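Sequence lines, in order, name chains W and V. The opening residue of the first sequence carries number -4 in this note's numbering; numbering runs sequentially from there. The opening residue of the second sequence carries number 14 in this note's numbering; numbering runs sequentially from there. Every residue gets a Cβ at the ideal spot worked out from N, C-alpha and C, and that includes glycine. These figures come from a predicted structure and were not determined experimentally. Contents: one structure, followed by commentary.
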Amino acid sequence: MENPVLSVKNLTVAYDGKPVLENITGEIKKGSLTAIIGPNGAGKTTFLKAIMGLLKPLSGEVTFGFEDKERKTKIAYVPQTGSTDRDFPVTVFDVALMGRYPHLGWFKRPKKKDREIAFEMLKKVGMEKYIHRQIGTLSGGQEQRVFLARALAQQAKLYFLDEPFKGVDAATEKVIVEMLREIREQGGTVVVVHHDLNTVKKYFDSVIMINKTLVCWGDTESCFNEKTVSRTFKTDIFPEMKTSYD
Amino acid sequence: MTDLFLLFQDYTFCVVSLGSALLGILCGVLGSFAVLRKQSLLGDGISHGALPGICAAFLITLCKDEEILLLGALAGGVISLCLITLITRFSKIKFDCALAMTLSVMFGLGLVLLTFAQKLPNSSQAGLKTFIYGQASAMTSKDVFIILISTAVVLVTVAIFWKPFKLVTFDKVFSQVVGIKVWMVDFVLSFFVTLASVVGIKTVGVILMSAMLVAPAAAARQWVSRLETMTLLSAVIGAFGGVLGTAVSSSFESVPTGPVIVVCLGVMAVFSILLAPKRGVLWKLIKRKQNRKKLIERVKSFESSD
Chain W
-4 MENPVLSVKN LTVAYDGKPV LENITGEIKK GSLTAIIGPN GAGKTTFLKA
46 IMGLLKPLSG EVTFGFEDKE RKTKIAYVPQ TGSTDRDFPV TVFDVALMGR
96 YPHLGWFKRP KKKDREIAFE MLKKVGMEKY IHRQIGTLSG GQEQRVFLAR
146 ALAQQAKLYF LDEPFKGVDA ATEKVIVEML REIREQGGTV VVVHHDLNTV
196 KKYFDSVIMI NKTLVCWGDT ESCFNEKTVS RTFKTDIFPE MKTSYD
Chain V
14 MTDLFLLFQD YTFCVVSLGS ALLGILCGVL GSFAVLRKQS LLGDGISHGA
64 LPGICAAFLI TLCKDEEILL LGALAGGVIS LCLITLITRF SKIKFDCALA
114 MTLSVMFGLG LVLLTFAQKL PNSSQAGLKT FIYGQASAMT SKDVFIILIS
164 TAVVLVTVAI FWKPFKLVTF DKVFSQVVGI KVWMVDFVLS FFVTLASVVG
214 IKTVGVILMS AMLVAPAAAA RQWVSRLETM TLLSAVIGAF GGVLGTAVSS
264 SFESVPTGPV IVVCLGVMAV FSILLAPKRG VLWKLIKRKQ NRKKLIERVK
314 SFESSD
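This is the structure we're talking about:
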């Protein structure tokens, strides 16, 4: 069997001595689309940050299917909308071009090829008409597409997206899903923090269900069922969640 | 016109306007980053912290050499910067509160030390008080040289590290993911603001220093919407404000240069905030009125067709 692109072993993350995530173990297969699912405060974003190496775990290991020093060109990241300053003076094209920065090193200027890649990716997400627009003039969905184009321009192996479907309309959701599938077809791997239980089975082949501790990590088919969902979301506290996944 | 020509033949005027222009460029460039990093007042905190540094340097060495006093200012600025950073990092106190506390406490300490210093025999010649309001007209070619070196260092560094500086200012998490040492960029940019505040103190004084950083950047942002052009325009506005302020203050007797520069920059900022296309307040008002009129006409046309 092929080596996993990411493996996590006994990962524990704590803030101020209090555990936020405890003893998470699992593997992400190359070419998979994985959803991280859990209620608010379950540690989804913390988990994402810990595996991207932005947080130092209390214990445990995160290893990649590539060299550690290749990380900056092999990992792409799409932040949640609203996490950047919308009034920041950058254009749509500037943002997409930022995806090329890790390939350039810190001193070289972007070349014609980098510009072409950035433009091509904006075209893929349907934003090529907006290249000169300042990002604050876009709608939430359009902004999300531009950040997706930046990640695509990174031409990475492993893509992390933090709630990409939050607050976007149907058209943008469709574009994002298409792009994620295209990444998979080209041998990339995608990990998404996801909120909508209704679309888990439709969009993702693997799930990581967490609520401080791991409930289930594996194929959507075998992992994602009534029992695990109620354990993840503790439906005795939130009874309205019970029907939302079928 | 001939007056202006005569002005440029005046040596003092040339020195002061050159120094002020360079300072305008330095502060304009760094101000763009400071404003976008939501650290507009960082320069203010640092410059106020420089005052106790200056007084302490004088009290310890009893020496009024400018280099020593400026080193004291730098130390005071760095201590303030560290205090603000440490308070925000290790307590739940927010940046604005940490800044306000550090700024006023350090300035208070500075005033206390100043009182002690002024009781010493040679204090009047040291001109410690001029650091509070600045005294641009006393600028020497050595001062200009110090500003020139600082500006050159900052411009070259910003040009070389443009991409990481831009990326960290825009999106910290993404920067970390792609392997930039964010804390290093944070440190360098904050240190540069400290440096600019310290070299600018003699011109505009500790109280008005932050206007030099904030006003050109705020004005520039109104006209353009790319970081590259904003930084460039901010530098141009800063330089222009420096020269204009010097010229205006030279035309009147005993009008202090530093405050006039700050007022010039302020006027340009207000002008930009009101009038800039797309973002300007007046521009928006006019546009809204036009749109409203169009809409009313359209609604009327519906009504008449019924």
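DSSP puts residue i in a beta bridge; with which residues?
| i | result |
| --- | --- |
| residue 204(W) | 32(W) and 211(W) |
| residue 164(V) | Partner(s): none; residue 164(V) has no beta bridge. |
| residue 54(W) | 7(W) |
| residue 19(W) | 6(W) |
| residue 184(W) | 153(W) |
| residue 246(W) | Residue 246(W) lies beyond the range of chain W shown here (-4 to 241); nothing can be said about it. |
| residue 160(W) | Paired residue(s): none; residue 160(W) is not in a bridge. |
| residue 14(W) | 9(W) |
| residue 59(W) | 1(W) |
In chain order, what residues of the same chain have a beta carbon less than 7 Å from the beta carbon of residue i, not counting five sequence neighbours either side?
| i | result |
| --- | --- |
| residue 182(V) | 46, 49 and 50 |
| residue 44(V) | 226, 227, 229, 230 and 247 |
| residue 68(V) | 123, 126, 127, 130 and 141 |
| residue 57(V) | 116, 222 and 223 |
| residue 54(W) | 5 and 7 |
| residue 171(V) | 42 and 178 |
| residue 236(V) | 246, 285 and 289 |
| residue 2(V) | Outside the displayed range of chain V (14 to 319) lies residue 2(V), so it cannot be described from this structure. |
Need the endpoints of the alpha helix (DSSP H) that residue i sits in, please.
| i | result |
| --- | --- |
| residue 120(V) | 108 to 132 |
| residue 137(W) | 135 to 148 |
| residue 189(W) | Taken as a continuous stretch (DSSP letters only), residue 189(W) belongs to no alpha helix (DSSP H), as it is neither H nor E. |
| residue 115(W) | 107 to 119 |
| residue 45(W) | 39 to 46 |
| residue 99(W) | 96 to 99 |
| residue 181(V) | 175 to 183 |
| residue 228(W) | 221 to 228 |
| residue 144(V) | 143 to 146 |
With a CB to CB cut of under 8 Å and the five nearest residues on each side skipped, what residues in its chain are close to residue i?
| i | result |
| --- | --- |
| residue 238(W) | Its pLDDT being 49, under 50, residue 238(W) is placed unreliably by the model, and nothing is read from it. |
| residue 203(V) | 52, 55, 94 and 98 |
| residue 261(V) | 268, 273 and 277 |
| residue 143(V) | 151, 215 and 218 |
| residue 172(W) | 198 |
| residue 112(V) | 54, 55, 57, 58 and 97 |
In terms of residues, what are the limits of the beta strand (DSSP E) holding residue i?
| i | result |
| --- | --- |
| residue 73(W) | 70 to 73 |
Ordered along the chain, which non-local residues of its own chain (more than five positions away) have a Cβ less than 6 Å from that of residue i?
| i | result |
| --- | --- |
| residue 211(W) | 204, 218 and 223 |
| residue -2(W) | 60 |
| residue 30(V) | 256 and 259 |
| residue 109(W) | 95 |
| residue 81(V) | 70 and 74 |
| residue 131(W) | 81 and 82 |
| residue 220(W) | none |
Given the structure, does residue i come close to the ligand FMN, in the sense that its CB is under 7 Å from one of the ligand's heavy atoms?
| i | result |
| --- | --- |
| residue 98(W) | This structure simply doesn't include the ligand FMN, nor any ligand for that matter. |
Closer than 9 Å by beta-carbon distance: list the chain C residues that pair up with residue i, in chain order.
| i | result |
| --- | --- |
| residue 67(W) | No chain C appears in the structure shown, which is made up of the protein chains W and V. |
Query raised in the report: In chain order, which alpha helix (DSSP H) runs of at least 4 residues are fully inside the stretch 210 to 252 of chain V?
Result: None, since the stretch 210 to 252 of chain V contains no complete alpha helix (DSSP H) of that length.
Report task. Determine, using beta-carbon pairs with one atom in the stretch 164 to 184 of chain W and one in the stretch 20 to 30 of chain W, whether at least three such pairs fall under 8 Å. Result -> The answer is yes - the stretch 20 to 30 of chain W touches the stretch 164 to 184 of chain W, with three or more Cβ pairs under 8 Å.
Requested in this report: Could you pull out every unbroken alpha helix (DSSP H) segment of at least 4 residues lying fully inside the stretch 240 to 311 of chain V, listed in chain order?
Outcome: Those alpha helix (DSSP H) runs which fall completely within the stretch 240 to 311 of chain V and span 4+ residues are 240 to 264 and 270 to 288.
Query raised in the report: With a cut-off of 8 Å, do at least 3 Cβ pairs link the stretch 101 to 109 of chain W to the stretch 166 to 184 of chain V?
Result: Yes, since at least three Cβ pairs between the stretch 101 to 109 of chain W and the stretch 166 to 184 of chain V fall closer than 8 Å, the two stretches touch.
Query - Cβ pair count under 8 Å reaching 3, the stretch 63 to 79 of chain W against the stretch 106 to 119 of chain W - result: Look at the beta carbons and you see the stretch 63 to 79 of chain W not touching the stretch 106 to 119 of chain W: under three pairs across the two are nearer than 8 Å.
Query raised in the report: In chain order, which alpha helix (DSSP H) runs of at least 4 residues are fully inside the stretch 35 to 101 of chain V?
Result: Runs found: 55 to 74.
Query raised in the report: Touching or not, the stretch 296 to 311 of chain V and the stretch 239 to 256 of chain V, by the rule of three or more beta carbon pairs under 8 Å?
Result: In the pairwise beta carbon analysis, the stretch 296 to 311 of chain V is classified as not touching the stretch 239 to 256 of chain V: fewer than three pairs are separated by under 8 Å.
Query raised in the report: Pairing CB atoms from the stretch 159 to 179 of chain W with CB atoms from the stretch 122 to 136 of chain W, are three or more of them under 8 Å?
Result: Look at the beta carbons and you see the stretch 159 to 179 of chain W touching the stretch 122 to 136 of chain W: at least three pairs across the two are nearer than 8 Å.
Query raised in the report: Just checking, does the stretch 201 to 221 of chain V make contact with the stretch 120 to 129 of chain W on the three C-beta pairs under 8 Å criterion?
Result: These segments do not touch.
Report task. Report yes or no: do the stretch 183 to 192 of chain W and the stretch 139 to 147 of chain W share at least 3 C-beta pairs separated by less than 8 Å? Result -> Contact between the stretch 183 to 192 of chain W and the stretch 139 to 147 of chain W is absent, because fewer than three Cβ pairs lie under 8 Å.
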